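To start, the structure itself, in structure tokens.
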Amino acid sequence: MKQILIEKNILQNNDDIASKNRQILKDKGVFTINLLGAPGGGKTSVLEQIIKNIKHNVDVTVIEGDLYTTKDAQRIEKHHVDVIQVNTGGACHLDASMIDQAFEHIDINNLDFLVIENVGNLVCPASYDLSEDMKITVMSVTEGNDKPLKYPAMFQRSNALILNKIDLIDSTDFDIEEFYKDVYSLNENIKIFKVSCREERGIDELCKYLESQINDKRRNKEFQ
Ligand SMILES: Nc1nc2c(ncn2[C@@H]2O[C@H](COP(=O)(O)OP(=O)(O)OP(=O)(O)O)[C@@H](O)[C@H]2O)c(=O)[nH]1
Ligand SMILES: [Mg+2]
Numbered sequence: 022m023k024q025i026l027i028e029k030n031i032l033q034n035n036d037d038i039a040s041k042n043r044q045i046l047k048d049k050g051v052f053t054i055n056l057l058g059a060p061g062g063g064k065t066s067v068l069e070q071i072i073k074n075i076k077h078n079v080d081v082t083v084i085e086g087d088l089y090t091t092k093d094a095q096r097i098e099k100h101h102v103d104v105i106q107v108n109t110g111g112a113c114h115l116d117a118s119m120i121d122q123a124f125e126h127i128d129i130n131n132l133d134f135l136v137i138e139n140v141g142n143l144v145c146p147a148s149y150d151l152s153e154d155m156k157i158t159v160m161s162v163t164e165g166n167d168k169p170l171k172y173p174a175m176f177q178r179s180n181a182l183i184l185n186k187i188d189l190i191d192s193t194d195f196d197i198e199e200f201y202k203d204v205y206s207l208n209e210n211i212k213i214f215k216v217s218c219r220e221e222r223g224i225d226e227l228c229k230y231l232e233s234q235i236n237d238k239r240r241n242k243e244f245q
């Protein structure tokens with residue numbers, strides 16, 4: 022019997038491209054995050070808040086992943102930062118070769134912070150290394166507190182978790198204690214931020230955390 026391990030080969034190929042680009046980002050001192058989460062959880066809204074808060078201190082470029090539209094990229098452009106739209110044509114996640122193509126349009130020498138907004142999906146994007154320093158999942162209280170245990174890979178592989186739409190929590194049955202317990206049972210090192218983009222709550226703390234990571238990466242470049 023002949024057996025073809027397609028998934029393994031695809032992921033190996035992905036990892037090879039990602040590790041080449043990770044070296045470039047390291048050499049240039051560019052801190053990179055991969056924003057993940059279900060459709061509508063608030064990835065673009067969180068990103069808009071981050072940009073508003075830190076764009077005066079750091080040079081930011083955004084890669085926007087979307088199936089077909091440029092809707093999110095148009096929202097980001099309004100904040101006067103560079104944005105590259107990647108349309109997957111129906112694929113449910115970004116992969117490293119798509120980021121490789123986007124790199125051709127990025128001025129990497131004048132960059133501190135690269136943000137990749139992945140396609141809205143709580144499963145597939147977690148498997149693809151995009152050369153990021155951190156995977157950050159955005160989920161909202163309206164999705165329900167059972168999601169970490171139902172979709173564990175994303176929570177296990179993320180370095181940070183942004184719990185968004187906290188302004189709506191009293192209108193839901195979201196059990197925050199159970200949520201924390203479940204998330205930490207999957208990943209004891211994950212950093213959790215509670216935010217509301219609508220009310221601009223929790224954004225300062227999130228941005229301080231990101232800025233310290235951006236500065237660390239910049240400093241490491243200077244020591245090389
Ligand atoms: N009440 C409330 N609504 C929010 C908050 N953050 C985002 N929203 C709303 O939630 C909806 C989805 O937000 P987006 O930022 O587009 O979500 P997304 O994760 O980028 O969505 P996709 O890119 O389609 O996966 C929008 O209507 C936002 O206005 C929040 O903190 N509170
Ligand atoms: Mg979006």
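Residue numbers (the working numbering): 22 to 245. We put the CB at the ideal spot given by N, CA and C, even for glycine. For clarity, every value in this text was computed on a predicted model and none was experimentally measured.
>> At 3 residues or longer, what runs of the beta strand (DSSP E) sit wholly inside the region 159-231?
In response: 181-185 and 212-215
> Can you tell which of Leu-56, Asp-191 and Thr-82 has the C-alpha that lies nearest to the C-alpha of Phe-134?
Replying inline: Thr-82
>> Here's the rule I'm using: 16 or more other beta-carbon atoms within 10 Å means buried, otherwise exposed. How should Asp-48 be labelled?
In response: exposed
> Nearest-angstrom Cα distance between Gly-110 and Tyr-89?
Replying inline: 6 Å
>> Can you find the residues in the same chain that come closer than 7 Å, C-beta to C-beta, to Gly-63, ignoring five residues on each side of it along the sequence?
In response: Val-159, Ser-161, Asn-185, Lys-186 and Cys-218
>> Just to confirm before moving on: does the CB-CB distance between Ile-71 and Cys-228 stay below 7 Å?
In response: yes
>> For Phe-52 and Ser-40, what's the separation of their Cα atoms in angstroms?
In response: 15 Å
> Can you give the Cα-Cα distance for Lys-242 and Met-119, rounded to whole angstroms?
Replying inline: 25 Å
> Among Val-107, Leu-151 and Ile-183, which residue has its Cα nearest to the Cα of Ser-66?
Replying inline: Ile-183
>> Would Ser-179 and Lys-212 qualify as a contact pair, given that the criterion is a beta-carbon distance under 7 Å?
In response: no
>> Per the DSSP calculation, Asp-87 is bridged to which residue(s)?
In response: Asn-108
> Any idea if Lys-73 is buried or exposed, counting beta-carbon neighbours within 10 angstroms, 16 or more meaning buried?
Replying inline: exposed
> What do you reckon, is the C-beta of Cys-228 under 6 Å from a heavy atom of ligand 1?
Replying inline: no
> Three-state secondary structure (DSSP) at Leu-135?
Replying inline: strand
>> Can you tell me whether Ser-217 sits near ligand 1, meaning its C-beta is under 6 Å from at least one heavy atom of the ligand?
In response: yes
> Taking C-alpha atoms, which residue in Ile-75, Gly-61 and Asn-30 lies nearest to Asp-225?
Replying inline: Ile-75
> Under the criterion of a Cβ to heavy atom distance below 6 Å, does Thr-90 qualify as lining ligand 2?
Replying inline: no
> For Asp-127, which three-state DSSP category applies?
Replying inline: It should be noted that the sequence gives Ile, not Asp, for residue 127. If DSSP states are grouped into helix, strand and coil, Ile-127 belongs with coil.
> Does the beta-carbon of Pro-169 have 16 or more other beta-carbons within 10 angstroms, so that it is buried, or is it exposed?
Replying inline: buried
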